[in-house]
Amino acid sequence: MVSASATKGTVETKKGDKLQQQRQILRLLGTLNAKDHRRFVNARQALLAARFEQMHRELGALSDAAVNQPAPQLLSAIAHSFEDLDDQAELAMRGAAQAVQARHDALASLARLAGTQRGQGKDSDAISDQWKALDGALTNDPLARLLSLIAHPHRLSRKQVWNHVNAMRSAAAQAPIFDLYELQLHRAAGAHKTHLERASELVAASSQHPELALELARAQLRANDIEGAEKTLKPLLKMASLAPRADRIGALIALRRNDEAARMRHLLISLGDVRSDHQQHMMVRWHAVDLASHGRLKEALKLVKFCVRPSLEGAPNSAQRAAACWRAVLPYALSLQATAQSKEVLDGLRKALKLPGVHEHLAQRWRTEATVADALLSLRQGNRLPATELVVTLGDSPRRAELWLTRLRETLQSELALSDATGQASERQRAILQQHIDSQAQADVPLSCERLWSELRLAVALERKTLQSSVTKQLIDGACRGAFESWALYRAKAYRHAAESMGNLGDLKTKQAHLQALGRHWPAADIQQL
Numbered sequence: 001m002v003s004a005s006a007t008k009g010t011v012e013t014k015k016g017d018k019l020q021q022q023r024q025i026l027r028l029l030g031t032l033n034a035k036d037h038r039r040f041v042n043a044r045q046a047l048l049a050a051r052f053e054q055m056h057r058e059l060g061a062l063s064d065a066a067v068n069q070p071a072p073q074l075l076s077a078i079a080h081s082f083e084d085l086d087d088q089a090e091l092a093m094r095g096a097a098q099a100v101q102a103r104h105d106a107l108a109s110l111a112r113l114a115g116t117q118r119g120q121g122k123d124s125d126a127i128s129d130q131w132k133a134l135d136g137a138l139t140n141d142p143l144a145r146l147l148s149l150i151a152h153p154h155r156l157s158r159k160q161v162w163n164h165v166n167a168m169r170s171a172a173a174q175a176p177i178f179d180l181y182e183l184q185l186h187r188a189a190g191a192h193k194t195h196l197e198r199a200s201e202l203v204a205a206s207s208q209h210p211e212l213a214l215e216l217a218r219a220q221l222r223a224n225d226i227e228g229a230e231k232t233l234k235p236l237l238k239m240a241s242l243a244p245r246a247d248r249i250g251a252l253i254a255l256r257r258n259d260e261a262a263r264m265r266h267l268l269i270s271l272g273d274v275r276s277d278h279q280q281h282m283m284v285r286w287h288a289v290d291l292a293s294h295g296r297l298k299e300a301l302k303l304v305k306f307c308v309r310p311s312l313e314g315a316p317n318s319a320q321r322a323a324a325c326w327r328a329v330l331p332y333a334l335s336l337q338a339t340a341q342s343k344e345v346l347d348g349l350r351k352a353l354k355l356p357g358v359h360e361h362l363a364q365r366w367r368t369e370a371t372v373a374d375a376l377l378s379l380r381q382g383n384r385l386p387a388t389e390l391v392v393t394l395g396d397s398p399r400r401a402e403l404w405l406t407r408l409r410e411t412l413q414s415e416l417a418l419s420d421a422t423g424q425a426s427e428r429q430r431a432i433l434q435q436h437i438d439s440q441a442q443a444d445v446p447l448s449c450e451r452l453w454s455e456l457r458l459a460v461a462l463e464r465k466t467l468q469s470s471v472t473k474q475l476i477d478g479a480c481r482g483a484f485e486s487w488a489l490y491r492a493k494a495y496r497h498a499a500e501s502m503g504n505l506g507d508l509k510t511k512q513a514h515l516q517a518l519g520r521h522w523p524a525a526d527i528q529q530l
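Read in order, the letters of the sequence shown correspond to residues 1 to 530 in the working numbering.
What follows is the structure, given as structure tokens:
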């Protein structure tokens, strides 16, 4: 039998090890005095328990000198990413990366990856490399583990999600934040049945943890279990920490029931609960998106115009909020095929992006989305895809507009089905729609973007006749990842043009290699037809 004194000694040793580890982490992340250190530890525990309101309260009590230290910045950035504040989370992560850079390059890189992955995805190998480069103290720290999770792309398989999150749970003593992250991953991946099942299990096991219960209400609403969502939501509406977000779900339930009085009540309550201009803007934007997603675009645009009014009056920090509002409703305007409203939203977005005060990183992405939206409108009117403009806008990142290019493909498919049913499409418009659908047929999300990207690059390069040997192989390899006839044609054209270029430059060896590649990828009898 182990004596009480021996047990006490073991507990004290574990406690001492933990304190030593925390000191190591703080040495890497910054210097805090005793009072600020205690508040920071409390804030970190609140974050791991997924109690965001308490975490913000603790961070808000830090001294001015401590607020800009890397460790509190990272906590705040991680919390934003869990609160559906996408653009704010991204900027906070990038700010945290700059703050931590001087003390730990690998952790800064993880924060930067976490700040840029939302909606785009990043190479998991790069994330693994940064994780391996972390100090031993940090690899055992839940803060760094959270960053690693957030930095991972959302396109993990369900098995990978399960294994990865469970490994993090084991390391962080079953912290609720990892349960919440798993549910958000299922939601982001569109695995709605799994999302509902796991939310039910976790809420049952966690004694109605408020954040997990909120995810359950979301999942029930998605499954059209309106009564279940109302029952789950009822106690959450009384919690000050959840009030704005809980009222948003209440307004969504009212939308489903066509109960306009209840919807307005939830909207007004949620706006009354917010404590800053920024939070008010977020609530108005959320409600505008919810209206647009239910087909009530005109009402959504009224809210957006209310949201962007301060930017027209030159209020500080208003330009970025205005751009974010226009950008939030753009996909719904496009999916509803509301051409006039889509153009109105695009015009509003472009005007907001011209105002001073929009963060350059966000402005670049939103310009990309506006250009891809323009391409969709162009296709709808029977015009060809503006390949040159898209290539210039997308820059060197084929994944930057992945969400939009995927939506482009899906919308084209639905429009072609509609035009076939109504007989409204001209032969020319139908051929253009079918061409772009065929080029991405049977492709998964990331590869469909790669292929369309490569097709655009090849089309522009061939048009300008500027293909060079160094870029030809890269373009062809990307374009020809799929075994489709259209890609064989692009492949052949590219190899033929490259061979001619090499011949003109006197590089006969490279010319011969290109001709051999052309012969492998295209029947000899058909080469003469090119």
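Every residue gets a Cβ at the ideal spot worked out from N, C-alpha and C, and that includes glycine.
Keep in mind it's a predicted model, so treat the numbers as computed, not measured.
_Quick check: what's the CA-CA separation for Leu47 versus Arg39?_
As a working mapping, residue 47 is identified with position 47 in the sequence shown. As a working mapping, residue 39 is identified with position 39 in the sequence shown. Each residue's Cα considered, the two are about 12 Å apart.
*Under the three-state reduction of DSSP, which class applies to Asp135: helix, strand or coil?*
Locating residue 135 in the sequence shown gives position 135, counting from the first residue. In this structure, Asp135 counts as coil in the three-state DSSP scheme.
*asked:* On a Cα-Cα basis, can you pick out the residue from Arg198, Asp225 and Arg222 that is closest to Leu212?
replied: Position 212 of the sequence shown, counting from 1, holds the residue named residue 212. For the residues Arg198, Asp225 and Arg222, the minimum Cα distance to Leu212 belongs to Arg198.
*Work out the CA separation of Ala373 and Leu355 for me, nearest whole Å.*
As a position in the sequence shown, residue 355 is number 355, starting the count at 1. As a position in the sequence shown, residue 373 is number 373, starting the count at 1. Rounded to the nearest angstrom, the two C-alpha atoms are 21 Å apart.
*asked:* Tell me the residue span of the alpha helix (DSSP H) that contains His56.
replied: Start at 1 with the first residue of the sequence shown, and residue 56 comes out as number 56. Here the alpha helix (DSSP H) through His56 covers Phe52 to Gly60.
*Apply the 10 Å Cβ neighbour rule to Asp129 and answer buried if 16 or more other Cβ atoms are within range, or exposed otherwise.*
Numbered from its first residue, the sequence shown carries residue 129 at position 129. It is exposed - the Cβ of Asp129 has fewer than 16 other Cβ atoms within 10 Å.
*State the DSSP-derived secondary structure class of Arg103, mapped to helix, strand or coil.*
Taking the first residue of the sequence shown as 1, we reach residue 103 at position 103. Coil at Arg103, not helix or strand.
*Could you check what DSSP says for Lys193 in three-state terms: helix, strand or coil?*
By one-based count along the sequence shown, residue 193 stands at place 193. Lys193: helix per DSSP, three-state reduction.
*Residue ranges of each alpha helix (DSSP H) within the segment 315 to 340, 4 or longer*: 318 to 335
*The alpha helix (DSSP H) spanning Thr31 covers which residue range?*
What you label residue 31 is simply residue 31 of the sequence shown in a count that begins at 1. It is not in any alpha helix (DSSP H) - Thr31 carries neither H nor E in the DSSP assignment.
*Could you have a look at Leu358 and say whether DSSP puts it in helix, strand or coil?*
As a first step, residue 358 is located in the sequence shown; it is residue number 358 there, counting from the start. For the sequence presented, residue 358 should be read as Val rather than Leu. Of the three classes helix, strand and coil, the one that applies to Val358 here is coil, per DSSP.
*Would you mind reading off the limits of the alpha helix (DSSP H) that contains Gly228?*
Against the sequence shown, residue 228 aligns to sequence position 228. It spans Ile226 to Leu233 - the alpha helix (DSSP H) in which Gly228 sits, taken as one unbroken run.
*Compare the C-alpha of Arg112 against each of Ala324, Val304 and Ala151 and name the closest.*
On the sequence shown, residue 112 is found 112 positions in, with the first residue counted as 1. Comparing Cα-Cα distances from Arg112 to each of Ala324, Val304 and Ala151, the minimum goes to Ala151.
*asked:* Just checking: is the beta-carbon of Cys307 within a distance shorter than 7 Å of some beta-carbon in chain C?
replied: Looking at the structure shown, chain C is missing, and only one protein chain is on hand.
_In whole angstroms, give me the CA-to-CA distance for Asn258 and Leu252._
Within the sequence shown, numbered from 1, the residue matching residue 258 stands at position 258. Within the sequence shown, numbered from 1, the residue matching residue 252 stands at position 252. Taking the straight line joining both Cα atoms gives about 10 Å.
*DSSP-derived helix/strand/coil call for Arg296*: Along the sequence shown, one-based indexing puts residue 296 at 296. Correct three-state label for Arg296: coil.
*Roughly how many angstroms separate the alpha carbons of Lys305 and His359, rounded to a whole number?*
Numbered from its first residue, the sequence shown carries residue 305 at position 305. Numbered from its first residue, the sequence shown carries residue 359 at position 359. Looking at the two C-alpha atoms, the distance is approximately 21 Å.
*Contact set for Leu54: own chain, Cβ-Cβ below 7 Å, skip 5 residues either direction*: Stepping through the sequence shown from its first residue, residue 54 is reached at position 54. Checking the sequence shown, residue 54 turns out to be Gln, not Leu. The residues are Ala46.
*Does DSSP put Glu90 in a helix, in a strand, or in coil?*
Position 90 of the sequence shown, counting from 1, holds the residue named residue 90. Of the three classes helix, strand and coil, the one that applies to Glu90 here is helix, per DSSP.
*asked:* Tell me the DSSP secondary structure of Gln120 in three-state form.
replied: As a working note, residue 120 is residue 120 in the sequence shown. The pLDDT assigned to Gln120 is 46, lower than 50, so where the model puts this residue is not dependable; a value taken from the coordinates is nonetheless given after this. Coil.
*Quick one: is Gln98 buried, meaning 16 or more other Cβ sit within 10 Å of its Cβ, or exposed?*
For the purposes of this step, residue 98 is identified with residue 98 of the sequence shown, where counting begins at 1. By the neighbour-count rule (16 or more Cβ atoms within 10 Å), Gln98 is not buried but exposed.
_Which same chain residues end up closer than 7 Å to Ser109 when comparing Cβ atoms and leaving out the 5 residues on each side of it in sequence?_
By 1-based counting over the sequence shown, the position of residue 109 is 109. Excluding residues within five positions, the ones whose Cβ falls inside 7 Å are Gln130.
*Nearest-angstrom Cα distance between Gln184 and Arg263?*
Along the sequence shown, one-based indexing puts residue 184 at 184. Along the sequence shown, one-based indexing puts residue 263 at 263. So the two alpha carbons sit approximately 25 Å from each other.
*Going by the CB atoms, is the gap between Ala92 and His80 shorter than 7 Å?*
As a first step, residue 80 must be located in the sequence shown, where it is residue number 80. As a first step, residue 92 must be located in the sequence shown, where it is residue number 92. The answer is yes: Cβ separation under 7 Å.
*Given Val100, which residues of its chain have a CB within under 6 Å of its CB, disregarding the five upstream and five downstream residues?*
By 1-based counting over the sequence shown, the position of residue 100 is 100. Within the same chain, Val100 has close Cβ partners Pro70, Leu107 and Ala108.
*asked:* Helix, strand or coil, according to DSSP, for Ala217 in the structure here?
replied: Along the sequence shown, read from residue 1 onward, the residue named residue 217 stands at position 217. In this structure, Ala217 counts as helix in the three-state DSSP scheme.
*asked:* Quick check: what's the CA-CA separation for Cys307 versus Glu230?
replied: On the sequence shown, residue 307 is found 307 positions in, with the first residue counted as 1. On the sequence shown, residue 230 is found 230 positions in, with the first residue counted as 1. Approximately 28 Å, taken between the alpha carbons.
*If you draw a straight line from the alpha carbon of Leu585 to that of Ala205, how long is it in whole angstroms?*
This structure cannot speak to residue 585, because the chain is shown only from 1 to 530.
*Since Ser63 is in the alpha helix (DSSP H), which residue starts that stretch and which ends it?*
To locate residue 63, count along the sequence shown from 1; it is residue 63. Premise fails: Ser63 is in no alpha helix (DSSP H) and is neither H nor E.
*Return the chain-ordered list of same chain residues with a C-beta closer than 6 Å to the C-beta of Arg187, the five sequence neighbours on each side being excluded.*
For the purposes of this step, residue 187 is taken as the residue at position 187 of the sequence shown. Closer than 6 Å at Cβ, skipping near neighbours: His195.
_Going by beta-carbon coordinates alone, are Ala300 and Ala288 separated by less than 7 Å?_
The residue labelled residue 300 in the question sits at position 300 within the sequence shown. The residue labelled residue 288 in the question sits at position 288 within the sequence shown. Yes, these two residues count as a Cβ contact at 7 Å.
*In the structure shown, what three-state DSSP assignment does Asp259 receive?*
By one-based count along the sequence shown, residue 259 stands at place 259. It is coil, neither helix nor strand.
*Would you tell me roughly how many angstroms separate the C-alpha atoms of Ala66 and Gly95, rounded to the nearest one?*
Here residue 66 refers to the residue found at position 66 of the sequence shown. Here residue 95 refers to the residue found at position 95 of the sequence shown. One C-alpha to the other measures close to 15 Å.
*Please check the pair Ala50 and Pro176, which I expect to be a contact at CB under 8 Å, by giving their CB distance rounded to whole angstroms.*
Along the sequence shown, one-based indexing puts residue 50 at 50. Along the sequence shown, one-based indexing puts residue 176 at 176. 4 Å between Cβ atoms; contact.
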